[in-house]
Amino acid sequence: MSTRIEQLFQNKKDILSIYFTAGYPAHSDTLPILTSLQAQGVDMVEIGLPFSDPLADGPVIQQSSTQALALGMTTEVLFEQLKDVRSKIDIPLVIMGYFNPVLQFGVAEFCKKCAETGIDAVILPDLPLTVYEREYKAIFESYGIHLIFLITPQTSDERIRALDQASKGFIYLVSTASVTGSGAGFGQAQADYFKRISDMKLQNPIVVGFGIKDRETFAQATAHADGAIIGSAFINALSDQGLEVIPEFVQGIRG
Amino acid sequence: MKKSYQVDEWGYYGTFGGAYIPEMLYPNTEELRTQYLSIMAEPDFQQQFDQLLKDYVGRPTPLYFAQRLSAQVGCKIYLKREDLCHTGAHKINNTIGQILMAKRLGKSRIIAETGAGQHGVATATVCALMGLECIVYMGEVDIKRQAPNVARMKMLGAQVRPATSGSKTLKDATNEAIRDWINNPVNTHYIIGSVVGPHPYPDMVARFQSVIAQETMDQLMEVEGRDYPDAVVACVGGGSNAAGAYYHFLDREEVRIIAVEAAGKGIHTDESAATSVLGREGIIHGSKTLLMQSPDGQITEPYSISAGLDYPGIGPMHAHLFRSKRGEFISATDEQAMQAGLMLSQLEGIIPAIETSHALAVLDQLNFKSTDVVVVNLSGRGDKDLNTYIDYFKL
Chain X
34 MSTRIEQLFQ NKKDILSIYF TAGYPAHSDT LPILTSLQAQ GVDMVEIGLP FSDPLADGPV
94 IQQSSTQALA LGMTTEVLFE QLKDVRSKID IPLVIMGYFN PVLQFGVAEF CKKCAETGID
154 AVILPDLPLT VYEREYKAIF ESYGIHLIFL ITPQTSDERI RALDQASKGF IYLVSTASVT
214 GSGAGFGQAQ ADYFKRISDM KLQNPIVVGF GIKDRETFAQ ATAHADGAII GSAFINALSD
274 QGLEVIPEFV QGIRG
Chain E
3 MKKSYQVDEW GYYGTFGGAY IPEMLYPNTE ELRTQYLSIM AEPDFQQQFD QLLKDYVGRP
63 TPLYFAQRLS AQVGCKIYLK REDLCHTGAH KINNTIGQIL MAKRLGKSRI IAETGAGQHG
123 VATATVCALM GLECIVYMGE VDIKRQAPNV ARMKMLGAQV RPATSGSKTL KDATNEAIRD
183 WINNPVNTHY IIGSVVGPHP YPDMVARFQS VIAQETMDQL MEVEGRDYPD AVVACVGGGS
243 NAAGAYYHFL DREEVRIIAV EAAGKGIHTD ESAATSVLGR EGIIHGSKTL LMQSPDGQIT
303 EPYSISAGLD YPGIGPMHAH LFRSKRGEFI SATDEQAMQA GLMLSQLEGI IPAIETSHAL
363 AVLDQLNFKS TDVVVVNLSG RGDKDLNTYI DYFKL
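Chain order of the listed sequences is X and E. Just so we're aligned, residue 34 is where the first sequence starts under my numbering, counting upward by one. Just so we're aligned, residue 3 is where the second sequence starts under my numbering, counting upward by one.
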């Protein structure tokens, strides 16, 4: 069966995916942001489930998460906000969060809600491969929810193969040894790394994240990968200018 | 069959522990996991570790028979004097071990987190000793509360970086240290200060601290003619001093294992740090353990008058001791701890750290027999807490 994510990667190149923190800047902004991103031709969206202690994130996503939590965002509230999302939004939707809130919600219950809501995949950076395979894989698969794994510049080829085997939908290629929101830009080291992974001919499409902030870094990332994800730069734009910035922001990336 | 309370090959104590870390940290923890046991077993490593503990830290620390305290409580109380270690607490046993580990792994840069500053000082100390760059993350709030320790770290050549996210205390300092490690995966070793974090940290730190239990066995054999006590009492925040004091007694069921948590203003108030009572199973800083959290799984901020005990989780070893009922978990309020600190000062002439005062506060609730041999781990000295004692007792 071909899902929304598989269809997207079969039919399009240079996939633009946007990450935002659910419930930020305002508690009720989740759906309006999704609607606007789809209208601007964004291909896929990662909805950030905020966590109090986001270890892999830089200051921008920490701050948006803290504010979203202060405004009352929870896992339950997010599913409530998203319950009719598929009547308006047909691009693939991914929830990205940390494992503890999912564990407290109940992994099976979480997957069930994702399936009912029309969420296609989940990214949980701190759920390790071995634990997933031992304890949770059967649950995710029974609800048809993809779990997306990350690879980094330090990941060995052998482990990349294992993560590729376990992933469904796409592989998340972390661009640099860094938390999210690094503004350093990409050099030769990233270009070589993107090409090295591309040459491995993984079974999953490759989407680059971390450090993508503008047209240039998006182009560099998609030169060797199937798509790229922009998070902190988008949240910064939302913080400065509100939701009206979305058309300008997306056009600025892809023109 | 003998039960084992030690970590299994997957890094779990029962159902607690593991390594719930982002992929970015996988190579770092894997490097450590595959090498820590073999490095620690090298004769050269052991020799260097033992030598530094003896000549630099001042070990073995005395096991002191506290006569007047014993008379008051009604049993035989020995104090394991970790407060006499260089830098004033047990923390340096671990930092000595980890700095030698970092050297063997070829690391040139050291990072650490600190709450009250004791672990930060112990880390800055060993970095000075070995000539390695040292960066200590400390919550912005704690930097203001613990000015003397910040000054000590700076004098020792460390850079103290404020953690300005979240609640700006220990848990946020730990987050910042982990983020630094993500950003510097190759040349940096992260010296975690307690038996927390992803596997193999809880086990590695417990092993470095187990010198406390080892010496206790030898010293008891000399004075009591047997190598075990009837009970070991220690305070638990993350739980490193307790892990070290219990270590060799965990599989000896005749030894009572007593863990004292900080009740703060009381376990039924919003201001407490008694994780075994108030926590639920979850993930914090890479480890599955008991932690204080909201129903939605957001980690909450604990409270204790003692900066070393206000951590929202406990080490996975302790979560397992609690769940399996091997350990007796009990808590002491701010008030009980402060009174116990004053009591020890005036009965024995020893001013304890407020963390340690919690362990002393429960001795009269444990129904010891007069012949019972009880070891209390005197984890740290009270110099750093003088201002808190002064304010509390209007001295």
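Where is the CB? At the ideal position from N, CA and C, for every residue including glycine.
is_contact[residue i, chain E] using C-beta, thresh 9 Å
{"i": "X:SER289", "result": "Only positions 34 to 288 of chain X appear in the structure, and residue 289 of chain X is not among them; the question remains open."}
{"i": "X:LEU160", "result": "yes"}
{"i": "X:ASN44", "result": "no"}
{"i": "X:ILE268", "result": "no"}
{"i": "X:ASP86", "result": "yes"}
{"i": "X:TYR131", "result": "yes"}
{"i": "X:PRO238", "result": "no"}
{"i": "X:GLU191", "result": "no"}
Proximity test, Cβ basis, 9 Å: residue i and chain X
{"i": "E:THR302", "result": "yes"}
{"i": "E:HIS287", "result": "yes"}
{"i": "E:GLU135", "result": "no"}
{"i": "E:ASP52", "result": "no"}
{"i": "E:GLU11", "result": "no"}
{"i": "E:GLY384", "result": "no"}
{"i": "E:TYR28", "result": "yes"}
{"i": "E:SER167", "result": "yes"}
{"i": "E:ASP312", "result": "no"}
{"i": "E:PRO24", "result": "yes"}
{"i": "E:GLY299", "result": "yes"}
{"i": "E:PRO318", "result": "no"}
{"i": "E:ASP174", "result": "yes"}
Residue i versus residue j - alpha carbon distance
{"i": "X:CYS147", "j": "X:LEU111", "result": "11 Å"}
{"i": "X:TYR131", "j": "X:PHE84", "result": "7 Å"}
{"i": "E:ALA91", "j": "E:MET103", "result": "21 Å"}
{"i": "X:ILE184", "j": "X:GLN236", "result": "14 Å"}
{"i": "E:ASP393", "j": "E:ALA363", "result": "19 Å"}
{"i": "X:PHE104", "j": "X:TYR165", "result": "At residue 104 of chain X the sequence reads Leu, which differs from the Phe that was named. Spanning the two alpha carbons is a distance of roughly 31 Å."}
{"i": "E:ILE301", "j": "E:LEU107", "result": "33 Å"}
{"i": "E:PRO150", "j": "E:SER169", "result": "21 Å"}
{"i": "X:GLU149", "j": "X:ALA270", "result": "32 Å"}
{"i": "X:THR99", "j": "E:PRO204", "result": "29 Å"}
{"i": "E:VAL378", "j": "E:LEU365", "result": "9 Å"}
{"i": "X:SER211", "j": "X:THR188", "result": "14 Å"}
{"i": "X:TYR176", "j": "E:LEU131", "result": "56 Å"}
{"i": "X:THR54", "j": "X:LEU115", "result": "14 Å"}
{"i": "E:GLY240", "j": "E:SER289", "result": "12 Å"}
{"i": "E:PHE18", "j": "X:LYS45", "result": "44 Å"}
{"i": "E:ALA114", "j": "E:LEU27", "result": "16 Å"}
{"i": "E:ALA118", "j": "X:ILE122", "result": "50 Å"}
{"i": "X:TYR169", "j": "X:ARG192", "result": "19 Å"}
{"i": "X:HIS257", "j": "E:PRO29", "result": "24 Å"}
{"i": "E:GLN53", "j": "E:LYS82", "result": "20 Å"}
{"i": "X:PRO65", "j": "X:ASP232", "result": "39 Å"}
{"i": "E:PHE370", "j": "E:HIS322", "result": "24 Å"}
{"i": "E:GLN341", "j": "E:HIS201", "result": "37 Å"}
Other residues of its chain near residue i: CB distance less than 6 Å, five sequence neighbours each side excluded
{"i": "E:THR166", "result": "GLU142"}
{"i": "E:ARG258", "result": "ALA233"}
Member of the options whose CA lies at the smallest distance from the CA of residue i
{"i": "E:VAL279", "options": "E:ARG61, E:THR271, E:ARG70", "result": "E:THR271"}
{"i": "X:GLY202", "options": "X:GLN284, X:SER208, X:GLU174", "result": "X:GLU174"}
{"i": "E:LEU252", "options": "E:TRP12, E:PRO164, E:SER212", "result": "E:SER212"}
{"i": "X:SER50", "options": "X:THR63, X:GLU39, X:GLY74", "result": "X:GLY74"}
{"i": "E:LEU368", "options": "E:TYR28, E:LEU311, E:LEU34, E:GLY329", "result": "E:GLY329"}
{"i": "E:ALA208", "options": "E:GLN161, E:GLY299, E:LYS173, E:ASN96", "result": "E:ASN96"}
{"i": "X:MET129", "options": "X:PRO58, X:ARG37, X:GLY81", "result": "X:GLY81"}
{"i": "E:ILE184", "options": "E:HIS360, E:LYS56, E:VAL75, E:PRO24", "result": "E:PRO24"}
{"i": "X:LEU157", "options": "X:ILE279, X:GLY56, X:LEU136", "result": "X:LEU136"}
Own chain partners of residue i with C-beta closer than 7 Å, once the 5 adjacent residues on each side are dropped
{"i": "X:LEU162", "result": "PHE182, ALA195, LEU196, ALA199"}
{"i": "E:SER6", "result": "ASP253"}
{"i": "E:GLY99", "result": "PHE51, PHE210"}
Same chain, Cβ closer than 8 Å to residue i, five either side skipped, listed in chain order
{"i": "E:ILE94", "result": "VAL59, CYS87, HIS88, ALA124, THR127, VAL128"}
{"i": "E:ILE269", "result": "ALA276, VAL279, LEU280, SER333"}
{"i": "E:LEU222", "result": "LEU65, TYR80, ARG228, ASP229, TYR230, PRO231, VAL375, VAL377"}
{"i": "X:ARG119", "result": "THR150, GLY151"}
{"i": "X:ILE178", "result": "CYS144, CYS147, ALA148, ILE152, ASP153, ALA154, VAL155"}
Cβ contact (3+ pairs, closer than 8 Å) linking the region 355-363 of chain E and the region 313-321 of chain E: no
Counting pairs of Cβ atoms below 8 Å between the region 261-275 of chain E and the region 292-310 of chain E, do you hit three or more? yes
Could you say if the region 63-82 of chain E and the region 321-336 of chain E meet the contact criterion of at least three C-beta pairs nearer than 8 Å? no
So, do the region 209-228 of chain X and the region 238-245 of chain X have three or more beta carbon pairs nearer to each other than 8 Å? yes
Do the region 227-246 of chain E and the region 191-206 of chain E meet, that is, are 3 or more Cβ pairs less than 8 Å apart? yes
Is there contact here, the region 148-162 of chain E with the region 113-126 of chain E, by at least three beta-carbon pairs under 8 Å? yes
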